[in-house]
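Asker:
Chains as they are written, first to last, in our numbering: chain D, 37 to 318; chain Z, 108 to 451.
(1) Give a yes or no on whether 9 Å exceeds the smallest Cβ distance from residue 265 of chain D to chain Z.
(2) Where do the N-terminal and C-terminal ends of the alpha helix (DSSP H) with residue 250 of chain Z fall, by residue?
(3) Using CA atoms only, rank isn't needed, just tell me which of Z:434, Z:355, Z:432 is closest to residue 139 of chain Z.
(4) Using a cut-off of 9 Å between C-beta atoms, extract the partners of residue 146 of chain Z located in chain D.
(5) For the structure I just gave you, are there three or more beta carbon pairs, one from the stretch 201 to 221 of chain Z and one from the stretch 295 to 314 of chain D, closer than 8 Å?
(6) Among the candidates Z:340, Z:406, Z:287, Z:142, whose CA atom is the shortest distance from the CA of residue 186 of chain Z?
(7) To which residues does DSSP link residue 241 of chain Z through a beta bridge?
(8) Against residue 445 of chain Z, what residues of chain D qualify as contacts under a CB-to-CB distance less than 7 Å, listed in chain order?
(9) Along chain D, in chain order, which residues have C-beta atoms closer than 9 Å to that of residue 172 of chain Z?
(10) Buried or exposed for residue 121 of chain Z, please, with buried defined as at least 16 other CB atoms from any protein chain shown within 10 angstroms of its CB.
(11) According to DSSP, simplified to helix, strand and coil, what is residue 298 of chain Z?
(12) If you check the beta carbons only, do residue 260 of chain D and residue 292 of chain D fall under 9 Å apart?
(13) Roughly how many angstroms lie between the CA atoms of residue 208 of chain D and residue 239 of chain D, to the nearest whole one?
(14) With H, G and I counted as helix, E and B as strand and the rest as coil, what does DSSP make of residue 415 of chain Z?
(15) Tell me, please, whether the CB atom of residue 162 of chain Z is closer than 9 Å to any CB atom in chain D?
(16) Since residue 203 of chain D contacts residue 192 of chain D with CB under 8 Å, what's their CB separation in whole angstroms?
(17) Hey, how far is the Cα of residue 227 of chain D from the Cα of residue 425 of chain Z?
(18) Please confirm if the stretch 273 to 291 of chain Z is in contact with the stretch 327 to 340 of chain Z, defined as three or more CB-CB distances below 8 Å between the two stretches.
(19) For a test of the three-state rule: what should DSSP assign to residue 205 of chain Z, helix, strand or coil?
(20) Are the CB atoms of residue 189 of chain Z and residue 253 of chain Z nearer to each other than 9 Å?
(21) Taking 8 Å as the limit between beta carbons, can you name the residues of its chain near residue 296 of chain D, skipping five residues before and five after?
(22) What does the alpha-carbon distance come out to for the pair residue 245 of chain D and residue 257 of chain D?
(23) Does residue 122 of chain Z have its Cβ less than 9 Å from a Cβ in chain D?
(24) Short of 8 Å in beta carbon distance, which residues of its chain neighbour residue 388 of chain Z, apart from the five on each side in sequence? Order them along the chain.
(25) In the DSSP assignment, the beta strand (DSSP E) including residue 380 of chain Z goes from what residue to what residue?
(26) With the cut-off set at 9 Å, would you say residue 201 of chain D and residue 268 of chain D are in Cβ contact?
(27) Could you tell me which chain Z residues have their CB closer than 8 Å to the CB of residue 279 of chain D, listed as they occur along the chain?
(28) By how many angstroms is the C-alpha of residue 169 of chain Z removed from the C-alpha of residue 278 of chain Z?
(29) If you draw a straight line from the alpha carbon of residue 235 of chain Z to that of residue 109 of chain Z, how long is it in whole angstroms?
(30) What does the alpha-carbon distance come out to for the pair residue 236 of chain D and residue 286 of chain D?
(31) Alpha carbon to alpha carbon, how far is residue 75 of chain D from residue 377 of chain Z?
(32) Helix, strand or coil: which one does DSSP assign to residue 234 of chain Z?
(33) Over what stretch of residues does the beta strand (DSSP E) that includes residue 157 of chain D continue unbroken?
(34) What residue range does the beta strand (DSSP E) around residue 269 of chain D cover?
(35) Within its chain, find whatever has a CB closer than 7 Å to the CB of residue 278 of chain D; leave out the 5 residues flanking it on each side and keep chain order.
(36) Taking any Cβ of chain Z, which residues in the stretch 196 to 214 of chain D have a Cβ under 9 Å from it, in chain order?
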């Protein structure tokens with residue numbers, strides 16, 4: 037039950053592999069061009085002043101101690117020391133050695149991108165990918181509010197003309213730095229996904245959060261959004277499901293406009309012609 | 108990628124689950140496979156919407172799933188295909204081989220042969236007679252039909268254009284594939300690899316609409332089965348062209364004994380459609396369903412046939428498929444065989 041990737045996502049994946057830069061105010065670490073397994077660096081930042089921008093200049097490559105990162109111990113969300121939402125109060129949180137990133141649910145100690153699984157908690161009925169209820173985006177000092185949505189998916193929710201598959205809602209709005217819990221209910225007998233793109237990549241591999249249910253059932257997962265005004269794509273990536281209606285937009289802080297082809301909200305960039313055609317005479 | 112060959116064992120109780128993730132209704136019809144018309148609960152098994160005994164499963168709607176149940180009593184190379192709007196759904200690839208193997212002890216058949224071609228785990232009965240086994244599915248595709256699904260988003264418009272505007276009787280395919288690939292990609296993907304003094308089983312299947320006249324260079328094979336049924340062994344026919352109409356199958360016994368009849372010795376022997384359009388790719392020739400029977404002694408370390416003939420690089424250029432490449436592009440005497448200088 038692997039996620040399938042669009043061309044754009046594959047490009048994103050490659051970019052992510054070769055340009056992971058971790059920054060902090062106290063000790064800055066850059067690990068550019070190292071293989072994925074070696075990219076797991078400790079980052080320490082007691083405050084979140086990313087905006088100042090000087091940290092990139094301070095960044096220096098440090099050699100990681102043997103065995104700290106490899107051997108499937110930590111992914112790109114691995115042993116980061118980051119502020120946590122609760123209890124941490126902005127201090128660097130102590131992550132238990134050998135565990136995965138904050139708030140990530142990992143099966144049996146296997147974690148993250150090192151194993152090419154990008155933080156998937158999965159079984160034969162479904163999957164939660166890149167769940168995060170603790171690690172704050174750099175531009176958030178604390179969680180602004182907890183919100184939850186229930187999303188139903190299936191052909192029964194294809195209520196707009198020209199759609200076959202659908203979500204029961206196609207737009208979600210949250211405040212900056214919200215902690216969002218999505219309960220995703222699949223009412224069909226085939227696989228569906230609630231796949232989101234555009235989250236901060238230094239927390240979420242590929243910038244993705246993803247719920248997936250194979251046949252009737254449900255999965256619930258939590259993520260924390262950043263503060264900038266942004267509209268993110270949500271879709272089902274099973275072949276043609278997005279094109280046939282399973283597409284939505286997730287707006288943070290009012291969003292950054294509407295995406296095209298959101299059922300009931302925006303039109304297609306290349307709209308269909310509904311002129312009555314005649315049978316071809318060839 | 109063709110619909111994969113499915114293998115089961117004679118007498119197995121089979122549950123075949125169709126999960127329809129697509130945006131049109133579909134079914135599975137078990138063509139030639141022993142199956143009852145109705146299941147015990149009164150629902151159907153035949154996959155034909157017009158004659159289905161129950162509403163459930165008559166057409167499996169998008170997002171739904173349906174289970175066909177059967178226990179085949181007879182063996183053979185059979186077929187499964189969608190029976191909704193067959194004129195377009197089959198011709199766009201919803202068709203594959205369904206093979207029932209003899210019931211034997213310790214028989215672990217390869218349930219799916221994804222991409223077809225070499226069968227990695229043949230059944231006990233096949234291994235008693237044959238050294239190797241290959242599934243060969245041929246399909247011809249009409250780009251006019253295949254382009255329709257890219258013209259619209261609205262599935263109602265797609266369905267109209269496919270089933271009401273597209274004129275099936277005027278159909279003319281341009282792309283011809285063996286196991287989902289056209290030459291030169293058939294060469295790494297769909298070789299028939301053999302060694303001397305072997306018996307090789309070829310299950311040859313016409314998943315397309317146009318007649319096939321498959322020809323084996325260097326070999327005359329014996330047709331042992333037509334449409335999955337064994338032909339009278341004393342009357343079996345050995346020949347070098349194997350004709351297949353739409354959905355037909357022949358099982359071939361390819362004997363690699365160098366006796367001047369069954370085989371003329373080792374080598375890299377072409378096998379291809381002798382309907383010449385079948386060896387073209389959008390009218391660029393050679394292309395289409397050309398592949399080779401290659402002896403192991405003629406394989407390179409990379410697993411490719413060792414030949415010293417034409418430079419193959421031109422087959423990977425856009426100019427070749429635009430048909431602007433010099434016809435004899437690799438010959439040195441370009442003044443005779445190169446691109447004509449129209450300004451001379």
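By construction, the Cβ of each residue, glycine as well, lies at the ideal position given by its N, Cα and C atoms.
Answerer: With the structure as the only source:
(1) At least 9 Å separates the CB of residue 265 of chain D from every CB of chain Z.
(2) First-last of the alpha helix (DSSP H) with residue 250 of chain Z: 250 to 255.
(3) That would be Z:355, whose Cα lies nearest to the Cα of residue 139 of chain Z.
(4) Listed by position along chain D, the residues whose Cβ is nearer than 9 Å to that of residue 146 of chain Z form an empty set, because the closest Cβ is around 18 Å away.
(5) The stretch 201 to 221 of chain Z, when compared against the stretch 295 to 314 of chain D, does not touch it at the 8 Å Cβ threshold.
(6) Closest by alpha carbon: Z:142.
(7) Within the DSSP bridge table, the entry for residue 241 of chain Z names Z:225, Z:309 as partners.
(8) Within chain D, no residue comes near residue 445 of chain Z; the closest Cβ sits about 35 Å away, beyond 7 Å.
(9) Proximity of chain D to residue 172 of chain Z at the Cβ level (cut-off 9 Å) is accounted for by 224, 225, 226, 251, in chain order.
(10) Buried.
(11) Coil, per DSSP.
(12) No, they are not a contact pair.
(13) Distance between the alpha carbons of residue 208 of chain D and residue 239 of chain D is about 21 Å.
(14) Reduced to three states, the DSSP call for residue 415 of chain Z is coil.
(15) Not a single CB atom of chain D sits nearer than 9 Å to the CB of residue 162 of chain Z.
(16) The Cβ separation is near 11 Å, so there is no contact.
(17) Roughly 38 Å separates the two Cα atoms.
(18) No contact exists between the stretch 273 to 291 of chain Z and the stretch 327 to 340 of chain Z.
(19) Residue state, collapsed to three classes: strand.
(20) Cβ atoms of residue 189 of chain Z and residue 253 of chain Z: not closer than 9 Å.
(21) Excluding sequence neighbours, residue 296 of chain D sits near 302, 303, 304, 305.
(22) Looking at the backbone, the Cα of residue 245 of chain D and that of residue 257 of chain D are separated by about 9 Å.
(23) It does not; no Cβ of chain D falls within 9 Å.
(24) Taking C-beta separations shorter than 8 Å and ignoring five residues to either side along the sequence, the partners of residue 388 of chain Z in its chain run 281, 282, 283, 289, 290, 394, 395, 428, following chain order.
(25) According to the DSSP assignment, residue 380 of chain Z belongs to the beta strand (DSSP E) that extends over 375 to 380.
(26) It is not a contact, given that the beta carbons lie outside the stated cut-off.
(27) Residues of chain Z passing the Cβ test: 260.
(28) Rounded to the nearest whole angstrom, the C-alpha separation of residue 278 of chain Z and residue 169 of chain Z is 28 Å.
(29) Approximately 28 Å, taken between the alpha carbons.
(30) In this model, residue 236 of chain D and residue 286 of chain D are separated by some 14 Å (Cα to Cα).
(31) For residue 75 of chain D, the predicted structure reports a pLDDT of 30, less than 50, and the residue's modelled location is therefore unreliable. A value from the coordinates is still provided. Taking the Cα positions, residue 75 of chain D is about 51 Å away from residue 377 of chain Z.
(32) Here residue 234 of chain Z sits in helix by DSSP.
(33) Here the beta strand (DSSP E) through residue 157 of chain D covers 156 to 159.
(34) From DSSP, the beta strand (DSSP E) with residue 269 of chain D extends over 266 to 271.
(35) For residue 278 of chain D, where only same-chain residues beyond five positions count, the Cβ hits under 7 Å are 271, 272.
(36) Those would be 197, 198, 199, 200, 201, in chain order.
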